[in-house]
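Q:
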Amino acid sequence: MLRGFWRQDSPGGGGRAGIDEDPLRAHMQLERFGVIVTRGEKWRAHQDYETIFQSALDAIDQRFSLVPEGFVSMPTTIVDEPGCPEVDYETEPFLLARTCVTNAQYQKFVDSGAYEDLEIWPESIWPHLIGFQDLTGKAGPRFWRGGRHDPSRSDHPVVGICSYEAATYAAWAGFRLPTEAEWQMAASWRIRTSAHVFRRYPWGDSHDPRRCNTWASGKGGTVPVGAHTEGAAPNGVLQLIGNVWEWTSSDFEVTDEKGRPVVGDMLLKSIRGGAFDTYFSCQATSHFRTGLACLARPHNVGFRCVLDAGRRGN
Amino acid sequence: MGWMQAEPNDPQLRCMICDALNTVDVVVCSECSAPMALVHDSVTQGRAPQIVSVLGDSNVGKTVYLGFLLDMLSQRANEFEAIPKGAYSVDMQQNVVASMTQRTFPAKTAMEPDRWHWAYYQARKAGGRRSKWYDLVMPDLAGESLAAEIANPATYKVIRSLLGKSAGSMLLVDAALAANGATRPDFFALKMMSYIDSLFQTKRDAKVQTPIAIVLCKADHCPESFDDTRRFVQGSLNRLWNLCESRFATVEYFACSSVGSLAYATGADDDGLEFARPIPLHTSLQGILEPFEWLISRI
Ligand SMILES: Nc1nc2c(ncn2[C@@H]2O[C@H](COP(=O)(O)OP(=O)(O)OP(=O)(O)O)[C@@H](O)[C@H]2O)c(=O)[nH]1
Ligand SMILES: [Zn+2]
């Protein structure tokens, strides 16, 4: 199943430039930490297994935070007013990446030949894969050039990727995207035991343009994923609000105020959190719901990864 | 500034858009509904306001664009200082902001000039006392009135006077339609530009000097128009491109969008007719200020 770049028998005699021929070391080098910790068993015989496995665990400890179990309520109509219909979801504990996936991280995915490896993509989008190009026609995020990101933006969130690219990267690295409910739980911290504690923002209840990058902050573009530490959630997760919207794995299904279905030109996926160009502060909160065409590749949408809490260290 | 006062001792003021005489106490011109504050202010400040006209076919997105432009100007103090003159100037932006936060688009602009919104702003680029103030008058015209005037010049005298007095214009074009292969946006823009051309024409070979920003609206539908706007215009609005290149000396192309994601509420109305009402799921402003900045630095 894990076919690809390191295959000894692949044309050209194996790995791509700079990527280790040894599969386990290649996973480490490409930051596929989730693959190592969840599927590590198969490399038990590898001479460096213990060290590499431990390094992958350490990386996950550094980069992910535990979101406790909780519950969320989401309005099911486009107008979110008191008394409008809602659905409740319970969420299990999970590990959420503290930051969005950066250009540098995504570069490793592109460099590994992921866009040419059909097997890692869902079959339904094979016809679209050829369109996942950068500004110069090379495979990769929409705003890259020649298959490379702008080096001055290595630590900025990768944007210009559709929901399938986000989900495929996550799976390739051994993770997944958060569901919409999980994302909302991570941002609003409505813990089961304290039923009515619900934060409008990860840091509290009032909007503060200094804690996040939205239009009001005046930056006009993305900032590094580690910026705005003062806007962190209690568990250290950064930038849930602002900088870039985040793809979730959930379909966006709502109705208008009269219960009529709201649809897009194609399937809408739920995105959350607002971005650097979000003009209305009410649209960059822990509970504002919106959706985006699943194949859209805009300049203001990125993503972060999730690892199921039980799977770390399996 | 002979238009300020009709005659000495005459208590009437001449509208600076349509030249109609109005009594001094009226707020908007009785003929064309332009704000009379323009005239009052010019009298005290001794300078004539600059008029910026925002043009475009019906439904291209003029109201949404103007509303957000003015709202951004009045919020972003680090780039621009902008002061609305008169409460009526605020209505347009308030209307757009109120609708868009409720995930609806503003209602269509009425055809009657007395129902158009006018905005009169004093604006300057931030950067110290020495930067120049611009008095800007920006009416939100109805696209259908513009179309009527182009088809039969002098149907809407106010439009002709307004354009004749404009220091610069923005011509909004529906990029979503053009990207889908529709020819209407190209033809409308072509007519509008040739109307302007004939209005300003002095010598046959001299190009029109008035700066014109061609703004591709709804570019969220065709993101490639942001990447290379000129190429998009050349490809999808070729008639407009050719006219601009041959007749207009100061023209630039921009792409803009106000919508981050568009969906449709679908169903049947009370009469059983199928409909799909567009819903701006969230707002994401792109390219709104750029044409404005370009334009005011050239007027
Ligand atoms: N996708 C998208 N649609 C837009 C945008 N701006 C406006 N629209 C759509 O265009 C329609 C018309 O927008 P208006 O701003 O009212 O257009 P107008 O040019 O003032 O129209 P008239 O009143 O007929 O002159 C809206 O109802 C929306 O459906 C945009 O940025 N993106
Ligand atoms: Zn008048």
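Listed in order, the protein sequences are those of chains V and U. Under the working numbering, read the first sequence as residues 451 to 764, first letter to last. Under the working numbering, read the second sequence as residues 7 to 305, first letter to last. All C-beta atoms in this analysis are idealised placements derived from N, C-alpha and C, irrespective of residue type, glycine included. Since this is a predicted model, take the numbers as computed values, not measurements.
1. Looking at ligand 2, does it come within less than 7 Å of Ile23(U), judged from the CB to the closest heavy atom?
2. List, in order along the chain, the chain U residues whose C-beta lies closer than 7 Å to that of Leu742(V)?
3. According to DSSP, Glu280(U) sits in a beta bridge with which residue or residues?
4. Between Ala12(U) and Val30(U), what straight-line distance do the alpha-carbon atoms span, to the nearest angstrom?
5. Using three-state DSSP, classify Leu757(V) as helix, strand or coil.
6. Under 9 Å Cβ-Cβ, which residues of chain V neighbour Gly273(U)?
7. Roughly how far, in whole angstroms, is the beta-carbon of Lys213(U) from the beta-carbon of Asp146(U), given that I think they are within contact range, below 8 Å?
8. Residues in its own chain within less than 8 Å of Ala160(U) by CB, not counting five upstream and five downstream?
9. Per DSSP, what kind of secondary structure is Ala589(V) in: helix, strand or coil?
10. Check each residue of the stretch 583–601 of chain V: if its Cβ is closer than 9 Å to any Cβ of chain U, include it; give the result in chain order.
11. Is the separation between the beta-carbon of Trp639(V) and that of Val647(V) shorter than 8 Å?
12. I need the DSSP call for Lys558(V), collapsed to helix, strand or coil.
13. On the DSSP bridge list, what partners appear for Leu27(U)?
14. Look up His123(U) in the DSSP assignment and give the residues it is bridged to.
15. Go ahead and pull the three-state DSSP assignment for Val102(U).
16. Strictly under 8 Å for the Cβ-Cβ distance: is Asp233(U) near chain V by that measure?
17. Apply the 10 Å Cβ neighbour rule to Gly454(V) and answer buried if 16 or more other Cβ atoms are within range, or exposed otherwise.
18. When burial is assigned at 16 or more other CB atoms within 10 Å of the CB, is Thr50(U) buried or exposed?
19. Does chain U have any CB closer than 8 Å to the CB of Gln512(V)?
20. So, at 7 Å on beta carbons, what are the nonlocal neighbours of Gly597(V) in its own chain, with the 5 sequence-adjacent residues on each side left out?
21. Quick one: what's Trp697(V) bridged to in DSSP?
22. Residues in its own chain within less than 7 Å of Ala666(V) by CB, not counting five upstream and five downstream?
23. If you check the beta carbons only, do Arg236(U) and Asp192(U) fall under 8 Å apart?
24. Whole angstroms are fine: how far does the CA of Glu37(U) sit from the CA of Trp9(U)?
25. Check whether chain U comes within 8 Å of Ala727(V), counting only Cβ atoms and requiring the distance to be less than that.
26. Secondary structure at Gln634(V), three-state DSSP: helix, strand or coil?
27. For Gly714(V), which residues in chain U fall below 9 Å Cβ to Cβ?
28. Can you give me the C-alpha to C-alpha distance between Ile486(V) and Ala188(U), rounded to a whole angstrom?
A: Straight from the coordinates:
1. yes
2. Ser267
3. Ala274(U)
4. Because Ala12(U) carries a pLDDT of 46, less than 50, the predicted location of this residue cannot be relied on, and no value is offered for it.
5. strand
6. Asp706, Lys708, Gly709, Arg710 and Pro711
7. 29 Å between Cβ atoms; not a contact.
8. Arg166
9. strand
10. Leu585, Arg592 and Phe593
11. yes
12. helix
13. Arg20(U)
14. Asp146(U)
15. helix
16. yes
17. The predicted position of Gly454(V) is uncertain, since its pLDDT is 33 and thus under 50; no value can be drawn from it.
18. exposed
19. no
20. Val560, Asp584, Lys588, Ala589 and Gly590
21. Ile721(V)
22. Pro659 and Ser731
23. no
24. At Trp9(U), the pLDDT of 44 sits below 50, so the modelled position is not reliable; the number obtained from the coordinates is stated separately. Distance between the alpha carbons of Trp9(U) and Glu37(U): 15 Å.
25. Inspection of the sequence shows that residue 727(V) is occupied by Asp rather than by Ala. By this cut-off, Asp727(V) is an interface position.
26. helix
27. Ser267, Leu268, Ala269, Tyr270 and Leu287
28. 52 Å
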